[in-house]
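Take any residue in the sequence shown, count from 1 to its spot, add 26: that is its number in this note's numbering.
Ideal placement from N, C-alpha and C gives every residue a C-beta, glycine not left out.
No experiment lies behind these values; they were computed from the predicted model shown.
What follows is a short report on a single structure.
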Amino acid sequence: MFSLDLAFYKYIVLLLLPFGLVTLYASIKGIKEEIPEEEREYLDPVPSNLRKIWPLVNIFAYYIGDRLPVEWLVKYQKKLNQAGLNYMMSPTQYVGLQVTASLLMALIAYGCCVMLELGDSWMYIIGGALLGWIMPMSSISDIQKKREKELVRSLPIYLDFLTLSTQAGLNITGAITQAVDKGPESPMKNEFKKYLRDLRAGVARDESLRMMSDRLDIAEINAFVAAVIQAERTGSSLGETLMIQSDQRRIERFQKAEKLAMQAPVKLILPLVLFIFPSTFAVIFVPLGIKLMEVL
Numbered sequence: 027m028f029s030l031d032l033a034f035y036k037y038i039v040l041l042l043l044p045f046g047l048v049t050l051y052a053s054i055k056g057i058k059e060e061i062p063e064e065e066r067e068y069l070d071p072v073p074s075n076l077r078k079i080w081p082l083v084n085i086f087a088y089y090i091g092d093r094l095p096v097e098w099l100v101k102y103q104k105k106l107n108q109a110g111l112n113y114m115m116s117p118t119q120y121v122g123l124q125v126t127a128s129l130l131m132a133l134i135a136y137g138c139c140v141m142l143e144l145g146d147s148w149m150y151i152i153g154g155a156l157l158g159w160i161m162p163m164s165s166i167s168d169i170q171k172k173r174e175k176e177l178v179r180s181l182p183i184y185l186d187f188l189t190l191s192t193q194a195g196l197n198i199t200g201a202i203t204q205a206v207d208k209g210p211e212s213p214m215k216n217e218f219k220k221y222l223r224d225l226r227a228g229v230a231r232d233e234s235l236r237m238m239s240d241r242l243d244i245a246e247i248n249a250f251v252a253a254v255i256q257a258e259r260t261g262s263s264l265g266e267t268l269m270i271q272s273d274q275r276r277i278e279r280f281q282k283a284e285k286l287a288m289q290a291p292v293k294l295i296l297p298l299v300l301f302i303f304p305s306t307f308a309v310i311f312v313p314l315g316i317k318l319m320e321v322l
């Protein structure tokens, strides 16, 4: 009797399987058609490691990201601006990326639990989902810190270009144009390109500088923008102002390097105590201990 019931249920499952597959295909097709097609002609390309999951990111961005509070989206937009990723993804796509990473990590955790035959797997699945949610945040924070260091490092070079150009008789816009044409490749050059693009779009010069300052939110950039705006308003020499800014940035960079050099010995204490000293003691005293045991 039991074998007959089991065979009957298998027969029912086999009959319903094609219907389920067709329904799943129709659902996925309907969801895909409902989502508007993304226009990336004027956007940065998606990294190769995200291209395979990007359609799934757009699905979650459409159904979840657009329903988030505006304050959250503004916060995410500022973070993307500081990391230089605002022309690669929108705040809603950033949320969609977090949701996608959470689901993928939860599935990976579930698969590992099944292969290892772990009974209580819910904690591992939740932990995997949390890890997937944190991974995009951590990655973007690392990109932001690295970009800020490159901006601060390249700022004195561009200030020298601006100083030479303004002392030759150009205004700040012409000086920035020359710096963009002749300056080395760096995030600072991209930010100046955005400034020039804002000017061509009809934004006022002071407002374009403030937009760059708000977009980056770095103390050195804020000081440069404030000094340029103040010099233009008061009519003081723009070349001297930029020269002072360049010298100040170099002094700050030298002081920061001195600070890091002084911190290096302190940071080396923990690895020395935990790893190097025990290994040294083991290499020196273990053979002595063995010899003493043989003698005694």
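- With a cut-off of 8 Å on Cβ pairs, the stretch 187-201 is in contact with the stretch 256-274, counting three or more such pairs.
- With a cut-off of 8 Å on Cβ pairs, the stretch 97-111 is in contact with the stretch 147-167, counting three or more such pairs.
- In the same chain as E64, and ignoring 5 residues on each side of it, the C-beta atoms closer than 7 Å to its own belong to N84, in chain order.
- For M163, the uninterrupted alpha helix (DSSP H) run begins and ends at W148 to Q193, by DSSP.
- In the displayed model, I247 falls within a helix according to three-state DSSP.
- Y221 has its alpha-carbon roughly 45 Å from the corresponding atom of P297.
- Using a Cβ-Cβ distance cut-off of 8 Å, the stretch 230-238 and the stretch 246-263 are in contact, since at least three pairs of beta carbons, one from each stretch, lie closer than that value.
- In terms of Cβ geometry, L69 and Y113 form a close pair [threshold 7 Å].
- In this structure P182 is in contact with R275, their Cβ atoms being roughly 5 Å apart against a cut-off of 8 Å.
- S305: member of the alpha helix (DSSP H) spanning F303 to V321, first to last residue.
- Here the stretch 86-98 does not lie against the stretch 130-144, with fewer than 3 beta-carbon pairs under 8 Å apart.
- The beta carbon of Y102 lies closer than 8 Å to those of P117, Y120 and V121 in the same chain, with the five residues before and after it left out.
- Inter-residue distance for G154 and L177 is about 35 Å (C-alpha atoms, whole angstroms).
- E174 is not a Cβ neighbour of I79, given a cutoff of 7 Å.
- Excluding five sequence positions before and after L225, the CB atoms of its chain that fall closer than 8 Å to its own CB belong to T199, R231 and S234, given in chain order.
- Counting only residues of its own chain and dropping the five nearest sequence neighbours on each side, T126 has a CB closer than 7 Å to the CB of I79, L82, V83 and F86.
- Between I151 and A132 a beta carbon distance of about 5 Å is seen, short of the 8 Å cut, so the two are scored as contacting.
- Under the three-state reduction of DSSP output, R77 falls in the coil class, being neither helix nor strand.
- Counted as a single uninterrupted DSSP element, the alpha helix (DSSP H) harbouring V206 occupies residues I198 to K208.
- Nearest in C-alpha terms to G158, of all of D146, I134, Q170 and S180, is I134.
- A distance below 7 Å separates the beta carbons of P162 and L123.
- Note on geometry: alpha-carbon atoms of S180 and R77 lie some 31 Å from one another.
- Going by C-alpha positions, A257 is about 55 Å away from F301.
- When DSSP assignments are scanned along the stretch 97-133, no uninterrupted stretch of beta strand (DSSP E) that is 3 or more residues long falls wholly within it.
- DSSP places Y89 within a helical segment (H, G or I) once states are collapsed to three.
- Following the DSSP letters along the chain, one finds A290 inside the alpha helix (DSSP H) bounded by residues L264 to P297.
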